[in-house]
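full-length UniProt numbering puts the first residue of the sequence shown at 1, with every later residue one more than the last.
Think of the CB as a built atom: it goes at the ideal place given N, C-alpha and C, for glycine as much as any other residue.
Since this is a predicted model, take the numbers as computed values, not measurements.
Written below as C-alpha cells is the structure these notes are about.
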Amino acid sequence: MKAAVILNPNAGNKKLVNEIDFICDRLNTVFETVTLYKTEQPGDGADLVRKLEGKADVIIGAGGDGTIYELINALAPLQQRPVFAILPGGTCNDFSRAIGMNQNPLKAVEQIIEKQTEAVDVGKHGEDYFLNFWGIGLVADVSENILEENKEKFGKLSYYMSVGRTLNQAEPFQLKMTSEKASYEGEAVMVLIGNGPFLGGTRAMLGNSSFQDGLLDVFVIKEMGIEPVMAWLQTSPDEEQLNPESNLMHFRAKEVHIETTPEKTVDCDGEKETTTPSTITVLHNHINMIVGNR
C-alpha cells in the first residue's frame, strides 16, 4: 500500500512539524511508500488530493479541523476514494476524537500503523461535504467570536470562553425546516445537525451522534434560556423530541431542508463559506477511514 501524508505545517501552533520525520519513519515500517506533502496556503491540500487519485491507497491528513475539512471536500467527490486517516494537530480535532484517534500524534501514528479500517458517513450540503456538523445561529456566532489570541493560548477552552460571551447575544431568526421525520416553522436561535459526536472537543453538545447509522442528528433550539439548554445537554442518545411546541427539538433524519429569514451564515466543521437556504443529506458509509479505539 502506498501512503501520502498531507501536512499543514501551521496547524496547532506548528506542533506537528517537529515530529513529522519520526512519524513518516514509523509509517514506512508498514507502507510500501510514504510521501510527505506540505501545504503552503489554503487549497493546496485539496489540489494534492485530486492529483493523488488512483496513486495513493491511503491519504493521511496531518492538521486541525480546517485541514480535515478541506481534504474531505476533495476526497468525497472522487470516484476512486483512498482510505483516509487523521493525525490530529489542531485545537479541537473533533472528528479524530470521534473515530478514537489518540490526541498525541506520536500515539496516533501507532494506531494508523494498525490499519483498522471502518466505513463512515459523510454529510453533504449543496456541493460541500462535512464529517462532523452543520450549524446556523448561535453555533456559528460562537465560532465567529473566538478570539485568535485565546485560541492560541487556551486551546479548546477558547470555544467555551466564546460561548460565555455569545449566549446573551443570541438573536432569533425565522426558520422553515422540513424533513422526512419532522417539520417546523417559526423562530429559532440555532439549528445544529450532527454527523459526529464532538463539538469544541467535547460530547456535551452532540451527545452520541453516530457517523455510521446513515442518519443525521438534528437539534433545534427555539429560544435561549436555561430550560432548552439543559434539555439539550441532558438529551439521551436515542431520545427524540418531536413536539413542535417545545423549546428544543431533536430527531434523526436522512435529509433536512432549511430556509431562514434573514439568510444565515452556515458553520460547517468550523468553516463558514455558505449561507442558507440549504439541503443537508447524509452519504452512508461513503469514506473508509483508519480508526482508533472507541
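- How about Val282 and Gly194: do their beta carbons lie closer than 8 Å? Not in contact: Val282 and Gly194 (Cβ atoms no closer than 8 Å).
- For Lys222 and Asn247, believed in contact at Cβ under 8 Å, the rounded distance: Contact check for Asn247 and Lys222: beta-carbon distance about 5 Å, within the 8 Å limit, so the pair qualifies.
- Task: Grab me the residues of Ala11's own chain with a C-beta within less than 8 Å of its C-beta, minus the 5 sequence neighbours each way, in chain order.
- Result: Cβ within range, chain order: Ala62, Gly63, Gly64, Gly66, Thr67, Gly89, Gly90.
- Quick one: complete alpha helix (DSSP H) runs, 4+ long, within the stretch 94-135? 94-98, 105-114, all fully within the stretch 94-135.
- Item | Pick from Gly196, Pro9, Ile136 that is closest to Arg97, judged by C-alpha positions | The residue with the shortest Cα to Cα distance from Arg97 is Gly196.
- Would Ala85 pass as a contact of Val49 if the rule is Cβ separation under 8 Å? Judged by their CB atoms, Ala85 and Val49 are not nearer to each other than the 8 Å cut-off.
- What are the residues that DSSP puts in a beta bridge with Gln241? For Gln241, which the question treats as bridged, DSSP gives the partners His250.
- By Cβ distance below 7 Å, which residues in the same chain neighbour Asn28 in space, the five residues on each side in sequence not counted? Excluding positions up to five away in sequence, the list reads Val34.
- Reducing DSSP to helix, strand and coil, say where Asp213 ends up. Note: Asp213 maps to coil in three-state DSSP.
- Task: Would you give the residue range spanned by the beta strand (DSSP E) that Cys92 belongs to?
- Result: Counting along the chain, Cys92 falls outside any beta strand (DSSP E), and DSSP gives it neither H nor E.
- Item | Start-to-end residues for the alpha helix (DSSP H) that takes in Gly201 | Here Gly201 belongs to no alpha helix (DSSP H), and DSSP marks it neither H nor E.
- Query: Should Phe130 be labelled buried (16 or more other beta-carbon atoms within 10 Å of its own) or exposed?
  - Reply: Taking all protein chains in view, the Cβ of Phe130 is crowded by 16 or more other Cβ atoms within 10 Å, so the residue is classified as buried.
- Message: I want to know whether the stretch 171-183 touches the stretch 248-264 - three or more CB-CB distances under 8 Å.
- Response: Between the stretch 171-183 and the stretch 248-264, the count of Cβ pairs shorter than 8 Å is three or higher; the stretches touch.
- First and last residue of the uninterrupted beta strand (DSSP E) at Lys2: Boundaries of the beta strand (DSSP E) around Lys2: 2-7.
- Item | Val58 to Val5 span [Cα, whole Å] | Using only the alpha carbons, I get a separation of about 8 Å.
- Message: For a quick check, are the C-beta atoms of Thr117 and Met289 less than 8 Å apart?
- Response: By the CB criterion at 8 Å, Thr117 and Met289 fall inside the cutoff.
- Item | Met249 versus Leu16 - alpha carbon distance | Cα to Cα, the separation comes out at about 40 Å.
- Message: Can you tell me where the beta strand (DSSP E) holding Val266 begins and where it ends?
- Response: Note, Val266: beta strand (DSSP E), 265-268.
- Sort Glu240, Phe251, Met101, Phe133 by Cα distance to Gly292 and report the nearest one. Checked all of Glu240, Phe251, Met101, Phe133; the closest Cα to Gly292 is Met101.
- Item | Beta-ladder partner(s) of Val58, from DSSP | DSSP output for Val58 lists Ala3, Val83 as bridge partner(s).
- Message: So, at 8 Å on beta carbons, what are the nonlocal neighbours of Asp128 in its own chain, with the 5 sequence-adjacent residues on each side left out?
- Response: Answer for Asp128: Asn73, Cys268, Glu273, Thr274, listed in chain order.
- Note down, in chain order, each residue of its chain lying with its Cβ closer than 6 Å to the Cβ of Ala76, except the 5 sequence neighbours on either side. For Ala76, the CB contacts under 6 Å within the same chain, skipping 5 residues up- and downstream, are Val122, Tyr129 in chain order.
- To which residues does DSSP link Thr274 through a beta bridge? DSSP lists Val266 as partners of Thr274.
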